[in-house]
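Here's the structure we're looking at; comments come further down.
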Amino acid sequence: MDIKSKVFKRKTGKSAGKWIVRIEYFDDIKGKKCYMERHADKRGAATDLRNRLVDEVQKTHGQMQTGEKMTFCDLAEICERNFYQPAEIVEGRKVSGVRSVVAAQSHLKVLKKFFGKRRIRAIKTESLFDYKLWRLKTDSERTGEPVKISTVNRELSSMRKMMRFAFSSGWILKDIFFNSKVIDGSAEIERHRILTLSEEKRLLDACEGMREVTYTRKIRGIEEEITATVNVDNPQLKAMINLAIDSGMRRGEIFKLRWNDIDFNNNIIRIVGTNTKTERERLAPLSDRAKAELESLKTITKGERPFPLTTINRSFGNAKQAADIDDLHFHDLRRTAITRWIAQGTPLALAGKFAGHTQLQTTLKHYTATDAASIKEINEKLNAFNLQNDSDQNISELVN
Numbered sequence: 038m039d040i041k042s043k044v045f046k047r048k049t050g051k052s053a054g055k056w057i058v059r060i061e062y063f064d065d066i067k068g069k070k071c072y073m074e075r076h077a078d079k080r081g082a083a084t085d086l087r088n089r090l091v092d093e094v095q096k097t098h099g100q101m102q103t104g105e106k107m108t109f110c111d112l113a114e115i116c117e118r119n120f121y122q123p124a125e126i127v128e129g130r131k132v133s134g135v136r137s138v139v140a141a142q143s144h145l146k147v148l149k150k151f152f153g154k155r156r157i158r159a160i161k162t163e164s165l166f167d168y169k170l171w172r173l174k175t176d177s178e179r180t181g182e183p184v185k186i187s188t189v190n191r192e193l194s195s196m197r198k199m200m201r202f203a204f205s206s207g208w209i210l211k212d213i214f215f216n217s218k219v220i221d222g223s224a225e226i227e228r229h230r231i232l233t234l235s236e237e238k239r240l241l242d243a244c245e246g247m248r249e250v251t252y253t254r255k256i257r258g259i260e261e262e263i264t265a266t267v268n269v270d271n272p273q274l275k276a277m278i279n280l281a282i283d284s285g286m287r288r289g290e291i292f293k294l295r296w297n298d299i300d301f302n303n304n305i306i307r308i309v310g311t312n313t314k315t316e317r318e319r320l321a322p323l324s325d326r327a328k329a330e331l332e333s334l335k336t337i338t339k340g341e342r343p344f345p346l347t348t349i350n351r352s353f354g355n356a357k358q359a360a361d362i363d364d365l366h367f368h369d370l371r372r373t374a375i376t377r378w379i380a381q382g383t384p385l386a387l388a389g390k391f392a393g394h395t396q397l398q399t400t401l402k403h404y405t406a407t408d409a410a411s412i413k414e415i416n417e418k419l420n421a422f423n424l425q426n427d428s429d430q431n432i433s434e435l436v437n
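Straight run, no breaks: the sequence shown in the working numbering ends on number 437.
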């Protein structure tokens, strides 16, 4: 990069007597010559300033002045326009954009709320820890509960991508995330919750039939409690639960599933790269019961997708409540599937492949643990078996 610089003493004007540093260079991005002028009180200071400015212009490829004026909101707008766009997939692999634009926009919204008009050059590594502390003290807009560390980690991961883009573009002089422990995955609380067989039956039963529902109605200013029997048949929710438990599919993958991705003849589901977390295409098994549920949906669902939905939070929550199941996330059904595959003798590598894990460690870390509820259920069944066995032996001894 061709950079011209000089140091001279100004003789006239408001800055008469000051030592002036003038830098001239060509901005390849703007396609024009750029000039920069700074002043110092002494010649030695001006010479040092010139050397520093020339070094910064070289390191930033002429983008130093752009970075000096850029705010975090400006950077967010550029990132949203450049790479926070819907993913483009070529031959099953993502080549640009992001898989979940909604999540990215959600991250940008809260990041802009904190950093806002702050200049990106003023954001230091310490600022990241300030953000983390502030975020953990706020409540989630969606749930009203304190924000989880995993949520903050994902927001900071989005910011890391933005700031490294700014660094590579020459707008900042340092990667503020380098060697920083602000994103701490080990602090996240790991879930090992899986669905027991009895819970599974209750949950699936809660997706169909009649149910008594109690609600409050207000008429002419007077509130009264109403109990009514309603039809709670929800074949789509039941099919989604079966797919998650038997095929190990993520909720987003189920939402985006298309009819032509399902091979009913060979009992295989093709999950395309645009819909997966790892952005890699994979195949998943289709169980007989999940297949039957999907086939029943053909008569009631129109369009190319079996599940033309965006959320099941309310219906899944109602089903859990009716089934008397606590502390269950929809993603726990996927964990249940993979744990059962392994328990039934499926090789760990194959289970990880069906699940779409890129590392075997992920399968080992998250999906082979047994929770307390499962242990309790097994103990109850074992105790019942032993009790029956003792009873049979006593009867046999009396007969003999």
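Even for Gly, the Cβ is constructed at its ideal location relative to N, Cα and C.
As the structure is a prediction and not an experimental result, all values here were calculated from the model.
Host alpha helix (DSSP H) of residue i (start-end)
{"i": "threonine 162", "result": "162 to 173"}
{"i": "leucine 331", "result": "325 to 334"}
{"i": "leucine 86", "result": "80 to 96"}
{"i": "valine 147", "result": "138 to 152"}
{"i": "glutamate 117", "result": "109 to 119"}
{"i": "histidine 76", "result": "No alpha helix (DSSP H) contains histidine 76, which is instead part of the beta strand (DSSP E) from 69 to 77."}
{"i": "serine 352", "result": "350 to 360"}
{"i": "phenylalanine 301", "result": "Where phenylalanine 301 is concerned, there is no enclosing alpha helix (DSSP H), given that its DSSP letter is neither H nor E."}
{"i": "lysine 390", "result": "385 to 392"}
Distance between beta carbons of residue j and residue i, contact taken as under 8 angstroms
{"i": "glycine 310", "j": "alanine 392", "result": "Contact doesn't hold; Cβ gap of about 15 angstroms is too wide."}
{"i": "arginine 228", "j": "aspartate 369", "result": "7 angstroms"}
{"i": "threonine 373", "j": "isoleucine 231", "result": "4 angstroms"}
{"i": "valine 189", "j": "lysine 169", "result": "6 angstroms"}
{"i": "glutamate 330", "j": "arginine 295", "result": "That belief does not hold up - the Cβ atoms of glutamate 330 and arginine 295 are roughly 16 angstroms apart, past 8 angstroms."}
{"i": "serine 217", "j": "leucine 165", "result": "7 angstroms"}
{"i": "tyrosine 121", "j": "valine 132", "result": "In fact, because the Cβ distance is near 15 angstroms, the residues do not count as touching under 8 angstroms."}
{"i": "leucine 210", "j": "glutamate 93", "result": "6 angstroms"}
{"i": "alanine 327", "j": "asparagine 279", "result": "4 angstroms"}
{"i": "arginine 87", "j": "serine 42", "result": "5 angstroms"}
{"i": "isoleucine 57", "j": "valine 91", "result": "Wrong, their Cβ atoms sit about 15 angstroms apart, outside the cutoff."}
{"i": "proline 343", "j": "alanine 281", "result": "The pair is not a contact, with the Cβ atoms about 14 angstroms apart (cut-off 8 angstroms)."}
{"i": "alanine 243", "j": "alanine 356", "result": "4 angstroms"}
Residue i versus the options, residue with shortest Cα-Cα distance
{"i": "leucine 323", "options": "Asn190, Ser177, Asp300, Ile40", "result": "Asp300"}
{"i": "serine 474", "options": "Asp221, Trp208, Ser205", "result": "This structure cannot speak to residue 474, because the chain is shown only from 38 to 437."}
{"i": "asparagine 271", "options": "Val250, Lys293, Leu241", "result": "Leu241"}
{"i": "arginine 371", "options": "Thr400, Ser352, Thr347, Leu346", "result": "Thr400"}
{"i": "methionine 107", "options": "Leu424, Thr180, Ala224, Lys154", "result": "Lys154"}
{"i": "serine 235", "options": "Asp361, Asp64, Thr84", "result": "Asp361"}
{"i": "aspartate 64", "options": "His98, Lys51, Asp92", "result": "His98"}
{"i": "arginine 363", "options": "Glu262, Ile160, Glu237", "result": "In the sequence under discussion, the amino acid at residue 363 is aspartate, which differs from the arginine named in the question. Taking only the C-alpha atoms, the option nearest aspartate 363 is Glu237."}
{"i": "lysine 69", "options": "Ile209, Val267, Asp39", "result": "Asp39"}
{"i": "glutamate 262", "options": "Glu249, Val138, Met277", "result": "Glu249"}
{"i": "lysine 293", "options": "Pro345, Ile379, Val94", "result": "Pro345"}
{"i": "isoleucine 471", "options": "Lys328, Arg287, Thr336", "result": "The chain is shown only over 38 to 437; residue 471 falls outside these bounds and no answer can be derived."}
{"i": "glutamine 381", "options": "Pro343, Asp283, Val91, Ala327", "result": "Asp283"}
{"i": "lysine 161", "options": "Gln142, Ala124, Val139, Phe204", "result": "Phe204"}
{"i": "threonine 266", "options": "Ile291, Asn420, Gly246", "result": "Gly246"}
{"i": "glutamine 100", "options": "Tyr62, Lys55, Pro123, Gln358", "result": "Tyr62"}
{"i": "threonine 395", "options": "Ser52, Thr313, Arg118, Gly258", "result": "Thr313"}
{"i": "threonine 233", "options": "Ala224, Thr376, Glu318", "result": "Thr376"}
{"i": "threonine 348", "options": "Lys174, Arg317, Glu290", "result": "Glu290"}
{"i": "tryptophan 171", "options": "Arg158, Arg156, Phe152, Ala159", "result": "Phe152"}
{"i": "aspartate 325", "options": "Ile337, Lys339, Asn304", "result": "Asn304"}
{"i": "arginine 156", "options": "Glu117, Trp208, Pro123", "result": "Trp208"}
Limits of the beta strand (DSSP E) - the one that residue i falls within
{"i": "alanine 265", "result": "259 to 268"}
{"i": "aspartate 369", "result": "That residue, aspartate 369, is in no beta strand (DSSP E); its alpha helix (DSSP H) goes 368 to 380."}
{"i": "leucine 320", "result": "319 to 322"}
{"i": "glutamate 61", "result": "56 to 64"}
{"i": "lysine 339", "result": "Taken as a continuous stretch (DSSP letters only), lysine 339 belongs to no beta strand (DSSP E), as it is neither H nor E."}
{"i": "valine 44", "result": "40 to 46"}
Counting pairs of beta carbons, one from the region 139 to 152 and one from the region 190 to 205, are three or more of them closer than 8 angstroms?
At 8 angstroms Cβ cutoff, the stretches touch.
At which residue ranges does the region 205 to 288 contain complete beta strand (DSSP E) runs of 3 or more residues, listed in the order of the chain?
The qualifying runs are 247 to 256, 259 to 268.
At a cut of 8 angstroms, does the region 109 to 117 reach the region 194 to 214 through at least three beta carbon pairs?
The answer is yes - the region 194 to 214 touches the region 109 to 117, with three or more Cβ pairs under 8 angstroms.
Is it true that the region 375 to 393 meets the region 241 to 256, where meeting means three or more beta-carbon pairs spaced less than 8 angstroms apart?
Result no; under three Cβ-Cβ pairs closer than 8 angstroms.
Are the region 65 to 85 and the region 170 to 183 touching, with three or more C-beta to C-beta distances below 8 angstroms?
In short, these stretches do not touch, since the Cβ pair count stays below three.
Are the region 42 to 51 and the region 78 to 97 in contact at 8 angstroms, needing three or more beta carbon pairs?
Inter-segment contact for the region 42 to 51 and the region 78 to 97 is present: three or more beta-carbon pairs are separated by less than 8 angstroms.
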